[in-house]
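See structure below.
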Amino acid sequence: MRGLVALLMALIFLMPYVASGNFDLALRWVKVEKDVVIEGEIVEVEARVDNVGGVSQAFVVYFYLDYMDEEHLIGTKRYESINSYRLPKIEFDTKGHEGKHEIIAAVFDGNSSNNFAYCSIEILKTKARQNILIEKVYYYAYPNKNNEFISIKNCGGDIKLNGFYLTTHPWKRANKQNKVYLPDILLENGEELYITQNGSSFLCEMGFNASYEYYDCSPIPDLKREGSFYLPNYGGVVALKDSENHTIDCVVYGNFSYNEGWKGNAIEGKEGYVLQRNGCNDTNTSNDWKLVKIGWSCFPPFHFKASYVKAFCSPDCSYNVVSKALEKAKNISINIYMFAHPY
Numbered sequence: 008m009r010g011l012v013a014l015l016m017a018l019i020f021l022m023p024y025v026a027s028g029n030f031d032l033a034l035r036w037v038k039v040e041k042d043v044v045i046e047g048e049i050v051e052v053e054a055r056v057d058n059v060g061g062v063s064q065a066f067v068v069y070f071y072l073d074y075m076d077e078e079h080l081i082g083t084k085r086y087e088s089i090n091s092y093r094l095p096k097i098e099f100d101t102k103g104h105e106g107k108h109e110i111i112a113a114v115f116d117g118n119s120s121n122n123f124a125y126c127s128i129e130i131l132k133t134k135a136r137q138n139i140l141i142e143k144v145y146y147y148a149y150p151n152k153n154n155e156f157i158s159i160k161n162c163g164g165d166i167k168l169n170g171f172y173l174t175t176h177p178w179k180r181a182n183k184q185n186k187v188y189l190p191d192i193l194l195e196n197g198e199e200l201y202i203t204q205n206g207s208s209f210l211c212e213m214g215f216n217a218s219y220e221y222y223d224c225s226p227i228p229d230l231k232r233e234g235s236f237y238l239p240n241y242g243g244v245v246a247l248k249d250s251e252n253h254t255i256d257c258v259v260y261g262n263f264s265y266n267e268g269w270k271g272n273a274i275e276g277k278e279g280y281v282l283q284r285n286g287c288n289d290t291n292t293s294n295d296w297k298l299v300k301i302g303w304s305c306f307p308p309f310h311f312k313a314s315y316v317k318a319f320c321s322p323d324c325s326y327n328v329v330s331k332a333l334e335k336a337k338n339i340s341i342n343i344y345m346f347a348h349p350y
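Be aware that the sequence shown starts at 8, since it is given in our numbering, and climbs by one per residue.
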């Protein structure tokens, strides 16, 4: 019995809303604001529905792409009544729909001869620019620090960042995502940008200034932000997108699952640790990443030539070796490391 009820409810939900036989609706036209667009644009679709007979009642206007079935339904608009006419509008996300298409607007009543309208749209294919990657993600900051950060690195040729943005809601329609827009600059090969929540707190723990911040907390430049932007401590996703909503790079961490631009399990992180990419490797899996403690020293490898090298154990043999080296030295450089980390 429960199975039958569930089946009936599903059919009610999936079947188009059909007005009663004495209520006649006519679809005069359907149109798009632009009939040629680039893939990834959000396009407004509008139709006109006329009441050509009968007593006003509730009805639904359906919008389809190419075929009238559930898979190709791109939007609906419901009205409780109609006087002379209605102008239903929806927003259509063209991401993933490149090519020539037909948009169908439909209502359902007893007179099917005037229930449909059609228009054409061409969606031009765009190519994602793959040169830049998310390099580091610090999502689980210590209490009251508010210094989450993300860094991006150019692993290819020089590239303009206009239109690129970061989001933690990549599964949403482009105009519904939260966003931090990257600066309109040329990012050179090997260059890395640090983008933080709080520039002052970032400096305190990292020892250098971030490139930008997305909340106005310090003198460093601010980035344009849309919506609330934060990195959940127990799991989430960070995606780098271009102006056409292509996912350029993606990182999934903690107790979270997402599969566009990512494969397999999320990265396991913990409080006070930074997710850091292993070079420019990009297999879109957790194998590309390692954990490092916040405030770490990251010295690049260096090469030198020496005519004589002596290996020794410390502290057992270090005094004699180091003291003799100091006695023979012409110049001495002293580096002091201050242990200021409160954790």
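Note that CB positions come from ideal geometry on N, CA and C, so glycine has one too.
- Unbroken beta strand (DSSP E) runs of no fewer than 3 residues, entirely contained in the region 255-316, are found at 280-284 and 296-300, following chain order.
- Apart from the 5 residues on each side of it in sequence, Trp269 sits with its Cβ closer than 7 Å to the Cβ of Cys257, Val259 and Asn291 in its chain, given in chain order.
- Across the set Lys102, Tyr69, Ala33 and Glu40, the C-alpha of Ala33 shows the shortest separation from the C-alpha of Gly60.
- Taking one beta carbon from each stretch, the region 149-164 and the region 86-99 have fewer than 3 pairs nearer than 8 Å; the two do not touch.
- A direct Cα-Cα distance of roughly 36 Å separates Pro239 from Leu72.
- Under the DSSP assignment, Glu212 falls in the alpha helix (DSSP H) whose first and last residues are Gly206 to Met213.
- Shown here, Val114 sits in coil according to DSSP, grouped into three states, outside any helix or strand.
- Here Val244 really is in contact with Phe263; their C-beta atoms are around 6 Å apart, less than 8 Å.
- About 7 Å separates the Cβ atoms of Arg180 and Ile49, confirming a contact at the 8 Å cut-off.
- By the Cβ neighbour-count rule, His108 is buried, with 16 or more other Cβ atoms within 10 Å of its own.
- Looking at the DSSP output, Cys320 bridges to nothing.
- The beta carbon of His253 sits closer than 6 Å to those of Ala135, all from its chain and outside the five residues before and after it, given in chain order.
- Taking 9 Å as the cut-off, the beta carbon of Phe70 is found closer than this to the beta carbon of Val52.
- Residue state for Asn58 is assigned as strand, using DSSP reduced to three classes.
- Secondary structure at Leu333: helix, using DSSP grouped into helix, strand and coil.
- For Phe99, the enclosing beta strand (DSSP E) covers residues Lys96 to Asp100.
- Residue burial is scored here from C-beta neighbours: Trp296 has at least 16 other C-beta atoms within 10 angstroms and is therefore classed as buried.
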